[in-house]
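Before any comments, here is the structure.
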């Protein structure tokens, strides 16, 4: 009995180590973006294009590194990356896609007014960010937490909340760029946790990491257009010196409440035994 307990504890420590290892690798590789900006600034006139190119290249490197980790941690089956794996329950995307469509409509003029080359680079940037973050948080950290808590009755809820919380809290790194915008960044953290729970549920329902990755990319493309604007309303975080734009905040809160509840609903529909079997 004692020997079995020791083996269980060693396995748990291994999963936590792998989580920390993955996070550390992700953060270290993000430093590549700053280096690329410095190197590319001499070759491009438009600074915004330099930012988008640097971000996209960095995320591609991160994605390749995370794919290596997924294979190393034996998570390919869970992520639906094995050959001939079918994607399930795509109907889960129906209602959330309406919000994506709304975001596209709100920002349509922004897309039209943006230089085509810049818009193309922006698209590469936001989708590469979506894929990189999903591969890390839903493709690696989430299933490692499931392995860690596999003896718990509420293993899926506990794992999705923890992985989404890490995903959300990571957005506090934006304070480095916006040190005087604590309220705005905190709203980003709360919203990131909410959508993280939805994406976790989407991952479990569709059984393929590519679906939440693509959806994440569309969320970024639809609502994270502030960099393309010279003015206008930012859907997720429109904070100005005088205070918060409450109309935007109320709309955003309703959106992410719906997303959060959708994630909880999808998790409830999942067969826990089937998920655990993929992670054995």
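Residue numbers (our numbering): 6 to 285.
We put the CB at the ideal spot given by N, CA and C, even for glycine.
Model, not experiment: these values are computed from the prediction.
Worksheet entry | Environment of residue 243 [buried if 16+ CB atoms lie within 10 Å] | One-based indexing of the chain shown puts residue 243 at position 238. Any reading at residue 243 needs caution, since the residue's pLDDT is 44, under 50, leaving its predicted position unreliable; the model's value is listed next. Classification for residue 243: buried.
Item to complete: In the DSSP assignment, find the unbroken alpha helix (DSSP H) run with residue 87 in it and report its ends.
Response: In the chain shown, residue 87 corresponds to position 82, counting from 1. No alpha helix (DSSP H) holds residue 87; DSSP gives it neither H nor E.
Worksheet entry | Three-state secondary structure assigned by DSSP to residue 181 | As a position in the chain shown, residue 181 is number 176, starting the count at 1. In the structure shown, residue 181 sits in a helix (DSSP, three-state: H, G or I).
Discussion item. DSSP three-state label for residue 191, please.
Written reply: Translated into positions along the chain shown, residue 191 becomes position 186. Of the three classes helix, strand and coil, the one that applies to residue 191 here is helix, per DSSP.
Worksheet item: Going along the chain, which residues of its own chain have a beta-carbon closer than 8 Å to the beta-carbon of residue 210, five neighbours each way excluded?
Response: Residue mapping note: residue 210 aligns to position 205 of the chain shown, counting from 1. Short of 8 Å from the beta carbon of residue 210, and not among the five residues preceding or following it, lie these beta carbons of its own chain, in chain order: 93, 94, 97, 271, 274 and 275.
Worksheet item: Quick one: is the Cβ of residue 179 within less than 7 Å of any heavy atom of the ligand NAP?
Response: Absent from the structure shown: the ligand NAP. Ligands present: none.
Practice prompt. Could you give the DSSP three-state label for residue 237: helix, strand or coil?
Written response: For the purposes of this step, residue 237 is taken as residue 232 along the chain shown, with counting starting at 1. Confidence at residue 237 is low in this model, with a pLDDT of 36, below 50, so its placement is unreliable and no value can be given for it.
Discussion item. Going residue by residue through the region 44-87, where are the continuous alpha helix (DSSP H) segments of at least 4 residues, counting only ones entirely within it?
Written reply: 52-77
Fill in: Nearest candidate by alpha-carbon position, reference residue 3, set 160, 183 and 223
For residue 3 there is no data in the structure shown, the boundaries of the chain being 6 and 285.
Worksheet item: Which value, in whole angstroms, describes the spacing of the CA atoms of residue 258 and residue 196?
Response: Here residue 258 is taken as the residue at index 253 of the chain shown, counted from 1. Here residue 196 is taken as the residue at index 191 of the chain shown, counted from 1. One C-alpha to the other measures close to 8 Å.
Worksheet entry | DSSP three-state assignment for residue 273, whether helix, strand or coil | For the purposes of this step, residue 273 is identified with residue 268 of the chain shown, where counting begins at 1. Reduced to three states, the DSSP call for residue 273 is helix.
Discussion item. Beta-carbon within less than 7 Å of residue 153's beta-carbon, same chain only, minus the 5 sequence neighbours each way: which residues are those?
Written reply: The count along the chain shown starts at 1 and reaches residue 153 at position 148. Correct list, in chain order: 17, 20 and 21.
Worksheet item: Whose CA, out of 163, 231 and 281, lies closest to the CA of residue 53?
Response: Working through the chain shown from its first residue, we reach residue 53 at position 48. Ranking the options by Cα distance to residue 53, first place goes to 231.
Item to complete: Locate the alpha helix (DSSP H) running through residue 154, then write down its first and last residues.
Response: Here residue 154 is taken as the residue at index 149 of the chain shown, counted from 1. Where residue 154 is concerned, there is no enclosing alpha helix (DSSP H), given that its DSSP letter is neither H nor E.
Discussion item. Is the beta carbon of residue 105 closer than 8 Å to that of residue 223?
Written reply: Position 218 of the chain shown, counted from the first residue, corresponds to residue 223. Position 100 of the chain shown, counted from the first residue, corresponds to residue 105. Contact flag set, yes.
Fill in: Beta carbon of residue 204 nearer than 8 Å to that of residue 157
As a position in the chain shown, residue 204 is number 199, starting the count at 1. As a position in the chain shown, residue 157 is number 152, starting the count at 1. Contact flag unset, no.
Item to complete: Spatial neighbours of residue 206 within its chain, please: CB distance less than 6 Å, with the 5 preceding and 5 following residues excluded, ordered by chain position.
Response: The sequence position of residue 206 within the chain shown is 201, counting from 1. So the qualifying residues of the chain are 268, 271 and 272.
Item to complete: Return the chain-ordered list of same chain residues with a C-beta closer than 7 Å to the C-beta of residue 55, the five sequence neighbours on each side being excluded.
Response: As a first step, residue 55 is located in the chain shown; it is residue number 50 there, counting from the start. The residues are 42, 45, 46 and 49.
Worksheet item: Is the region 57-66 touching the region 124-133 in the sense that three or more CB pairs, one from each, lie closer than 8 Å?
Response: yes
Worksheet item: With DSSP run on the structure shown, which of helix, strand or coil describes residue 118?
Response: As a first step, residue 118 must be located in the chain shown, where it is residue number 113. Looking at residue 118 - three-state DSSP - the assignment turns out to be helix.
Fill in: For residue 109 and residue 280, the rounded distance between their alpha carbons
Residue numbering aside, residue 280 sits at position 275 when the chain shown is read from its first letter. Residue numbering aside, residue 109 sits at position 104 when the chain shown is read from its first letter. Cα to Cα, residue 280 sits roughly 34 Å from residue 109.
Worksheet item: Taking the continuous alpha helix (DSSP H) assigned at residue 222, which residues delimit it?
Response: To locate residue 222, count along the chain shown from 1; it is residue 217. Its alpha helix (DSSP H) spans residues 215-228.
Practice prompt. Could you spell out where the alpha helix (DSSP H) holding residue 95 opens and where it closes?
Written response: If you number the chain shown from 1, residue 95 lands on position 90. Counting along the chain, residue 95 falls outside any alpha helix (DSSP H), and DSSP gives it neither H nor E.
Worksheet item: With DSSP run on the structure shown, which of helix, strand or coil describes residue 158?
Response: In the chain shown, residue 158 corresponds to position 153, counting from 1. In this structure, residue 158 counts as coil in the three-state DSSP scheme.
Discussion item. For residue 327 and residue 135, I'd like the C-alpha separation in whole angstroms.
Written reply: Here the chain has residues from 6 to 285 only, and residue 327 is not among them.
Worksheet entry | residue 20, DSSP secondary structure in three states | Residue numbering aside, residue 20 sits at position 15 when the chain shown is read from its first letter. Note: residue 20 maps to helix in three-state DSSP.
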